[in-house]
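In my numbering, each number is its position in the sequence shown, counted from 1, plus 16.
A virtual CB, placed ideally from N, CA and C, is assigned to each residue, including glycine.
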Amino acid sequence: MGNNFYLSKMINPYYNQREDNYGGNVFNRLRLILELIKVMKDNLDLHISCKVNTFDERKDGFDAKESIEACKLLEKVGVDSIQVTRPLSPLYFTKKLSSEEELIDYTNVLIDTVKVPVIVGGGFRNMEHMNELLNRTNIEFMSMYRPFVAENDFLKNWKEEGSGESRCLMCNNCYRTKKSTCYH
17 MGNNFYLSKM
27 INPYYNQRED
37 NYGGNVFNRL
47 RLILELIKVM
57 KDNLDLHISC
67 KVNTFDERKD
77 GFDAKESIEA
87 CKLLEKVGVD
97 SIQVTRPLSP
107 LYFTKKLSSE
117 EELIDYTNVL
127 IDTVKVPVIV
137 GGGFRNMEHM
147 NELLNRTNIE
157 FMSMYRPFVA
167 ENDFLKNWKE
177 EGSGESRCLM
187 CNNCYRTKKS
197 TCYH
């Protein structure tokens, strides 16, 4: 449901112009996802985590208020956790098109709104910065994968040293290629 993939477009009013039960208000645009989650919860013993955009910058697009409403509906249908992201988030953070604080502020609001664990995503690679966020905010969980492609012992080093920065530059080569290879 996050970044700029199919399900994120389904819940975004900019893209979803349907006039049936799968378009219109937030509930209807989320209906397909809620139905999928219900089927999974009824038939599988899995942890279901949904990646959700905070908002996008498109006129008449998905906004933070709708995103919070969507997360409440996801919680109601039984998701086990929610991961906060942005559409094209690697682009936003590597090109500095968006303030990280917008994501942090939204995540703090969501943590106070839902009872399921909330995971913040978005370009984390500096251990001191991550420690500072964990100590300054209500955030308890952070999502990251690129630093592990660049350095598979990133967490081991963090535990041993408590500081440092991944050599990952968030270039997205690991994301764009089939081999998940870091070229830096």
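Asked                                                                                                              : Found
Counted within 10 angstroms of its Cβ, other Cβ atoms place Val55 as buried (16 or more) or exposed                : exposed
Pairwise C-alpha distance: Thr70 and Glu118                                                                        : 9 Å
Beta-carbon proximity of Thr123 to Ile155, cut-off 7 Å                                                             : yes
Sequence-distant residues of its chain with Cβ nearer than 8 Å to Phe157 (five each side left out)                 : Ser97, Pro133, Val134, Ile135 and Val136
Cα-Cα separation between Gln99 and Val68, rounded to whole angstroms                                               : 6 Å
Environment of Gly178 [buried if 16+ CB atoms lie within 10 Å]                                                     : exposed
Close-in-space but distant-in-sequence residues of the same chain around Ile120 (CB under 8 Å, 5 per side omitted) : Val136, Leu149, Thr153 and Ile155
Beta bridge counterpart(s) of Asn151 as assigned by DSSP                                                           : DSSP, once it has assigned bridges, lists no residue as partnering Asn151.
Straight-line Cα distance separating Phe43 from Val95                                                              : 15 Å
Neighbour flag for Phe21 against chain B, beta carbons, 7 Å                                                        : No chain B is present in this structure, which holds just one protein chain.
Element boundaries [beta strand (DSSP E), containing Lys92]                                                        : Careful: Lys92 lies outside any beta strand (DSSP E), inside the alpha helix (DSSP H) at Ala80 to Val93.
Segment limits, beta strand (DSSP E) that includes Asn69                                                           : Ser65 to Asn69
Span separating the alpha-carbon of Gly180 from that of Glu144                                                     : 7 Å
Contacting residues, own chain, Cβ-Cβ under 7 Å from Arg34 (five flanking each side not counted)                   : none
Inter-residue Cα distance where the pair is Asp79 and Gly139                                                       : 21 Å
8 Å contact criterion, which Pro163 and Cys184 should meet: CB distance rounded                                    : 5 Å
Euclidean distance between Cα positions of Gly18 and Ile53                                                         : 15 Å
Same chain only: Cβ atoms within 6 Å of Asn32, ignoring 5 sequence neighbours per side                             : Met26, Gly39 and Arg45
Where Asn14 sits in the DSSP three-state scheme                                                                    : Absent from the structure is residue 14, since the part of the chain shown begins at 17 and ends at 200.
Member of Arg102, Arg47 and Cys190 whose CA lies at the smallest distance from the CA of Gly167                    : According to the sequence displayed, residue 167 carries Glu and not Gly. Selected option, being the one with the closest Cα: Cys190.
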